[in-house]
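Trainee: In our numbering, the protein residues as written are 12 to 181.
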Ligand SMILES: [Fe+2]
Ligand SMILES: [Fe+2]
């Protein structure tokens with residue numbers, strides 16, 4: 012980034028780049044978590060939920076683009092190797108060994124809640140100090156909140172479906 016661009020930042024740029032690199036690793040893991048989960052998923056509402064999970068995956072990848080562009084603008088070096096993703100990520104990658112739809116959704120929900128905390132932390136760190144990164148963090152935060160809400164809604168629908176089936180058996 013230009014000299015003046017760096018000068019106007021009223022924070023520890025090294026620390027910010029570290030946080031952004033961790034977020035970058037988390038986005039790639041979230042992308043794969045959604046992408047592979049959508050493909051192995053089995054159970055009720057699969058045909059409705061699968062395309063939505065793939066859409067979430069695309070959005071996570073777009074977050075990675077926003078984050079990496081900012082790292083480079085700040086003069087940082089983005090994480091260059093996939094072997095670093097699990098090393099630097101604060102969010103767990105959970106292999107979808109149980110393909111049942113609820114198990115897949117729970118894994119994605121954990122990822123979203125971790126991402127929400129990540130972008131809240133970046134938004135707090137940059138508030139009033141780095142307007143550009145702050146704007147990126149709040150925009151991504153907003154989308155992660157939407158993702159969390161959608162997953163919670165599907166889980167409620169699945170619970171309701173199970174309750175209805177129980178009543179029918181009585
Ligand atoms: Fe994301
Ligand atoms: Fe998300």
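Quick reminder that beta carbons are idealized off the backbone N, C-alpha and C, glycines included. None of the values given here were measured: they were computed from a predicted structure.
Using only Cβ atoms and a threshold of 7 Å, which residues come within that distance of a heavy atom of ligand 1? Order them by chain position.
Mentor: In chain order, the hits are 38, 41, 70, 71, 74, 126, 151, 154, 155.
Trainee: If you count every other CB in all the chains shown that lies within 10 Å of the CB of residue 52, and 16 or more means buried, which is it?
Mentor: Along the chain shown, one-based indexing puts residue 52 at 41. That one is buried.
Trainee: When you compare only the Cα positions, how much space is there between residue 75 and residue 37?
Mentor: Position 64 of the chain shown, counting from 1, holds the residue named residue 75. Position 26 of the chain shown, counting from 1, holds the residue named residue 37. If you take the alpha carbons of residue 75 and residue 37, they lie about 9 Å apart.
Trainee: Within the continuous alpha helix (DSSP H) that includes residue 88, where are the two ends?
Mentor: Position 77 of the chain shown, counted from the first residue, corresponds to residue 88. Taken as a continuous stretch (DSSP letters only), residue 88 belongs to no alpha helix (DSSP H), as it is neither H nor E.
Trainee: Since residue 65 contacts residue 49 with CB under 8 Å, what's their CB separation in whole angstroms?
Mentor: For the purposes of this step, residue 65 is taken as residue 54 along the chain shown, with counting starting at 1. For the purposes of this step, residue 49 is taken as residue 38 along the chain shown, with counting starting at 1. With a Cβ gap of about 5 Å, residue 65 and residue 49 count as contacting.
Trainee: Would you be able to state if there are at least three C-beta pairs under 8 Å between the segment 128 to 138 and the segment 106 to 118?
Mentor: The segment 106 to 118 vs the segment 128 to 138: no contact.
Trainee: Verify whether the separation of the beta carbon atoms of residue 112 and residue 62 is less than 8 Å.
Mentor: In the chain shown, the residue the question calls residue 112 occupies position 101. In the chain shown, the residue the question calls residue 62 occupies position 51. Taking 8 Å as the Cβ cut-off, residue 112 and residue 62 do not qualify as a contacting pair.
Trainee: Rounded to whole angstroms, what is the Cα-Cα separation between residue 86 and residue 173?
Mentor: Locating residue 86 in the chain shown gives position 75, counting from the first residue. Locating residue 173 in the chain shown gives position 162, counting from the first residue. Distance between the alpha carbons of residue 86 and residue 173 is about 52 Å.
Trainee: In its own chain, which residues sit with a C-beta less than 6 Å from the C-beta of residue 42, not counting the 5 before and 5 after it?
Mentor: Working through the chain shown from its first residue, we reach residue 42 at position 31. The answer, listed in chain order, is 68, 71, 72.
Trainee: Please state the DSSP three-state secondary structure of residue 105.
Mentor: The sequence position of residue 105 within the chain shown is 94, counting from 1. Here residue 105 sits in coil by DSSP.
Trainee: Return no unless some Cβ of chain D is closer than 8 Å to the Cβ of residue 118.
Mentor: The structure shown has no chain D; it contains just one protein chain.
Trainee: Let me make sure I understand the geometry here. Which of 94, 159, 179, 77 has the alpha-carbon closest to that of residue 34?
Mentor: In the chain shown, counting from the first residue as 1, residue 34 sits at position 23. Closest by alpha carbon: 77.
Trainee: Report yes if the CB atom of residue 30 is closer than 8 Å to the CB atom of residue 132, and no otherwise.
Mentor: What you label residue 30 is simply residue 19 of the chain shown in a count that begins at 1. What you label residue 132 is simply residue 121 of the chain shown in a count that begins at 1. The answer is yes: Cβ separation under 8 Å.
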